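Worksheet for the structure shown next.
There are 2 protein chains.
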Amino acid sequence: MATGRGLNNTALVVLGMIAAGRRNGYEISRTVGVSTRFFWPASVGGIYPELRRLEDAGLLEAEDDPRGEAIRHSYALTPAGRAALRDWLADDALGHFEMRNEDLLRLFFAAELDVDGQVAILRKLRAGHEAQLEQLESGARPAAERGAGPNRLLVLDYGIALHRSAAEWCRQAEARLLGR
Amino acid sequence: MATGRGLNNTALVVLGMIAAGRRNGYEISRTVGVSTRFFWPASVGGIYPELRRLEDAGLLEAEDDPRGEAIRHSYALTPAGRAALRDWLADDALGHFEMRNEDLLRLFFAAELDVDGQVAILRKLRAGHEAQLEQLESGARPAAERGAGPNRLLVLDYGIALHRSAAEWCRQAEARLLGR
DNA sequence: TTCCACATGTAACTAGTTACATGATTGA
DNA sequence: TCAATCATGTAACTAGTTACATGTGGAA
């Protein structure tokens, strides 16, 4: 448990975010929204219960941090929490990898459509990559430039590179399809 | 419902596979295992119940196809099933896109580790892409060359291109990290 | 006769999303 | 005073994975 196991998808991102400094649930969920969600989604509804679970497990300690009348808690890692995080970070096994791309599935089955329909799918696939690219370049990347360390920028750049080359691949595939 | 809605992730891949010709659950699950799983996972445990649900919904028709004493069913699309598939394929809205990459999340939080630890994560990230690449090039691609249409090859080539450029990105990032 | 591929199915579990509900603070 | 943002939380739902259970056919 303290060896990095028993941590679900939400727990991993929560622990990692708090490692960089005290955070409350709202801040974590905001940061996820402009950074990890591109490669590690986690929704608000899962974050709050997970914070309490991690506190119960002794990996986090909560502190009351009221804002006027409003309730607010901020969390920090306990030594056990930091150890669990490090164990997970240093784990030798290949990490979980998963991808779901509906337009790619459409393309896979596109024999059912005429060429126009197939081109439309390719364009949509490209549009999706361009949209992600846009969000990374104009949203996430500028936000990370103020304050985030080099690793975080590195990861965003990975995303930018990937979506850019995917979009380029789509452009070429479209040209080939039309040239047939 | 017949407009392409009410179809869950498993239903989409099941319908698409059957559109190309009569199939049984086992065949679908095998084909998923060497093709769509790279961008659209679906597990056996979900496929059989979904086949029955789609039959109940009138999108599939089942036929007994015993193999000696052993029970076997093969499924074909009904006209309603083909209409639902076409509606989904021709849907204008951007498709669902999701990615989960644990080693990328590790890299994101790698400030917690020393440079050696960071390099190890980058190598693992690369190894993951190379493993996918290997499976696509040596497993999926050759299998698809016998029998699969051009769209299927196209999709596998997309995967190959993507993982190859991701692996290349990792190699460069590692060099930069060591050069610091 | 043994093993592997073929073939189907279910139950239990785990996880995660969406939507809703509530209320305080801040700035325009 | 109004809207947006901050902040926390829960309930209902949907989905999906894993593991188990069972048995046949064909090849070596």
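Top line first, the protein sequences correspond to chains F and Z. Under this note's numbering, the first residue of the first sequence is numbered 1, with each subsequent residue one higher. Under this note's numbering, the first residue of the second sequence is numbered 181, with each subsequent residue one higher. Built from N, CA and C at the ideal position, the CB exists for glycine as well. All of these numbers come straight from a predicted model, not from anything done at the bench.
Subject >> Distance between Arg252/Z and Glu241/Z (C-alpha atoms, nearest Å) >> reply: Roughly 14 Å between the two C-alpha positions.
**OP:** In the DSSP assignment, find the unbroken alpha helix (DSSP H) run with Glu165/F in it and report its ends.
**Re:** For clarity, residue 165/F is Ser in the given sequence; the question names Glu instead. Counting along the chain, the alpha helix (DSSP H) containing Ser165/F begins and ends at 150-179.
Original post:
Shortest alpha-carbon distance to Ile340/Z belongs to which of Ala328/Z, Leu302/Z, Arg233/Z, Ser318/Z?
Top reply: For Ile340/Z, the nearest C-alpha among the options comes from Ser318/Z.
Subject >> Short Cβ contact (8 Å threshold) for Asp91/F with Leu125/F >> reply: No, they are not a contact pair.
**OP:** Determine, using beta carbons only, whether Gly4/F comes closer than 8 Å to chain Z.
**Re:** Low local confidence applies: a pLDDT of 40 at Gly4/F is under 50, so the model's placement there is unreliable, with the coordinate-based value given in what follows. Among the residues facing chain Z, Gly4/F is not included, as its CB has no counterpart in that chain under 8 Å away.
Subject >> Burial state of Ser29/F (16 or more Cβ within 10 Å) >> reply: With 16 or more neighbouring CB atoms inside 10 Å of its own CB, Ser29/F falls in the buried class.
Original post:
Any beta-carbon of chain F closer than 8 Å to the one on Arg232/Z?
Top reply: no
Original post:
Met1/F to Leu7/F, Cα distance in whole Å?
Top reply: Confidence at Met1/F is low in this model, with a pLDDT of 34, below 50, so the placement of that residue should be treated as unreliable; the coordinate-derived value is given next. If you take the alpha carbons of Met1/F and Leu7/F, they lie about 8 Å apart.
Subject >> Residues bridged to Arg23/F (per DSSP) >> reply: Tyr75/F
Subject >> Check whether Leu154/F and Ala353/Z have beta carbons under 8 Å apart >> reply: yes
Original post:
Should Leu444/Z and Cys350/Z be called a contact, given that it needs their Cβ atoms to be closer than 8 Å?
Top reply: Absent from the model: residue 444/Z. The displayed extent of chain Z is 181 to 360, so no value can be given.
Subject >> Phe97/F: first and last residue of the uninterrupted alpha helix (DSSP H) it sits in >> reply: Here Phe97/F belongs to no alpha helix (DSSP H); instead the beta strand (DSSP E) covers 97-101.
Original post:
Residues of chain F with a CB under 8 Å from the CB of Asn331/Z: which are they?
Top reply: Those are Leu107, Phe108, Phe109, Ala110, Ala111, Gln118, listed as they occur along chain F.
Original post:
By a C-beta neighbour count over all protein chains shown, 10 Å radius and 16 as the cutoff for buried, is Ala140/F buried or exposed?
Top reply: Counting Cβ neighbours within 10 Å, Ala140/F comes out buried, since at least 16 surround it.
Original post:
Buried or exposed: which applies to Met145/F, given that a residue is buried once 16 or more other Cβ atoms fall within 10 Å of its Cβ?
Top reply: Correcting the residue type first, residue 145/F is Glu in the shown sequence and not Met. It is exposed - the Cβ of Glu145/F has fewer than 16 other Cβ atoms within 10 Å.
Original post:
In the stretch 37-62 of chain F, which residues sit with their C-beta less than 9 Å from some C-beta in chain Z, listed in chain order?
Top reply: Phe38, Phe39, Trp40, Pro41
Original post:
In or out: Tyr206/Z buried (at least 16 other Cβ within 10 Å) or exposed?
Top reply: Classification for Tyr206/Z: exposed.
**OP:** Report yes if the CB atom of Leu178/F is closer than 8 Å to the CB atom of Leu156/F, and no otherwise.
**Re:** No, they are not a contact pair.
**OP:** Kindly indicate which residue of Ser345/Z, Arg266/Z, Asn281/Z has the alpha-carbon position closest to the one of Arg37/F.
**Re:** Asn281/Z
Subject >> Below-8 Å beta-carbon distance, Arg100/F vs any chain Z residue >> reply: yes
Subject >> chain Z contact for Arg30/F (CB, 8 Å cutoff) >> reply: Closer than 8 Å: no.
Original post:
Quick one: does Arg22/F have its CB under 8 Å from some CB of chain Z?
Top reply: no
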